[in-house]
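In what follows, a structure is listed as structure tokens, so that the remarks can point back to it.
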Amino acid sequence: MRVAVFGSTGGVGRHFVNQALEKGIAVTALVRSPGKLADLPQGLTLVPGDISDEEAVYYTVAGANAVVCALGAPLQDKSGIRASGTAQIIRAMKDACVDRLVCLSSIGAGDSYKLIPGHYKYLLGPLMMENMFADHEAQEAEIASSGLDWIIARPGPYRDGERTGTYAHGLSSKALDRKLNFRINRADVADFLIRQLSDNTYLHKPAWLSN
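Here our numbering is used: position 105 in the sequence shown is 106, and no number is missing along the way.
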């Protein structure tokens with residue numbers, strides 16, 4: 002299997018690339034600074050470029066079996082880079098006849114807003130996360146209308162830590178039978194993304210993640 006990755010130098014993206022290579026999955030990654038991933042093992046193909054570069058995005062996607070989008074931005078960024086970048090990826094996927102898209106979003110987007118704790122919802126959300134949520138919701142709308150085979154991951158706030166494999170996940174549209182820890186290790190988010198490359202449990206659905 003070959004996977005095209007966008008956002009590979011971010012916290013979750015780098016974990017994803019490492020874990021994918023460990024499993025023998027070939028990775029093609031679009032990177033602005035190839036040196037940031039130069040230390041990774043064989044099986045990684047780097048494409049220099051930016052998400053706004055249509056040709057570079059297509060070259061990254063072409064020949065892949067699936068695409069993982071882990072685009073990120075500073076918390077209060079207003080550029081809408083997640084949504085616009087994802088739209089660019091979707092166009093490239095259609096041109097290259099690649100159907101599978103696994104995208105990293107955030108808990109709090111869409112109907113998962115009800116799952117976030119009150120201090121995030123009523124204090125930090127309006128003050129610091131409004132732009133992030135708006136960008137993720139626009140991103141998810143692009144994906145939902147794409148006609149692709151997509152899965153959206155909505156993790157809680159990240160923390161450092163090893164991959165545990167014991168994290169919780171589910172649909173925010175269904176009642177929860179447990180209280181969420183809310184935070185999750187970046188390595189566990191990457192593990193979930195890898196599983197979605199071949200698992201159809203959440204096909205055409207967004208799933209929340211929490212340790």
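Cβ atoms here follow ideal geometry from the backbone N, Cα and C, with glycine treated the same way. Every value quoted in this text rests on a predicted model; they were computed, and no experiment measured them.
Task: Ordered list of beta strand (DSSP E) runs contained in the stretch 62-109, each at least 3 residues - done: 67-70 and 101-105
TODO: Apply the 10 Å Cβ neighbour rule to LEU204 and answer buried if 16 or more other Cβ atoms are within range, or exposed otherwise.
DONE: exposed
Task: SER106 CB to nearest heavy atom of the ligand NAD below 7 angstroms - done: As for the ligand NAD, it is missing from this structure, which has no ligand bound.
Task: Same chain, Cβ closer than 8 angstroms to TYR159, five either side skipped, listed in chain order - done: GLY12, VAL13, ARG184, ILE185, ASN186, ARG187 and VAL190
TODO: With a threshold of 16 other CB atoms inside 10 Å of the CB of GLY8, please say whether the residue is buried or exposed.
DONE: buried
Open item on the list: Please report the straight-line C-alpha distance between LYS79 and GLY157, rounded to a whole angstrom.
Closed with: 21 angstroms
TODO: Ignore the nearest five residues each way along the sequence and tell me which others in MET2's own chain have a CB closer than 6 angstroms to its CB.
DONE: ILE26 and ASN66
Open item on the list: Using the three-state DSSP reduction, which class does ARG196 fall into: helix, strand or coil?
Closed with: helix
Open item on the list: By DSSP's criteria, LEU31 is part of a beta bridge. Which residues make up the other side?
Closed with: PHE7 and VAL48
TODO: Output the distance between the C-alpha atoms of ALA169 and ALA74, rounded to the nearest integer angstrom.
DONE: 25 angstroms
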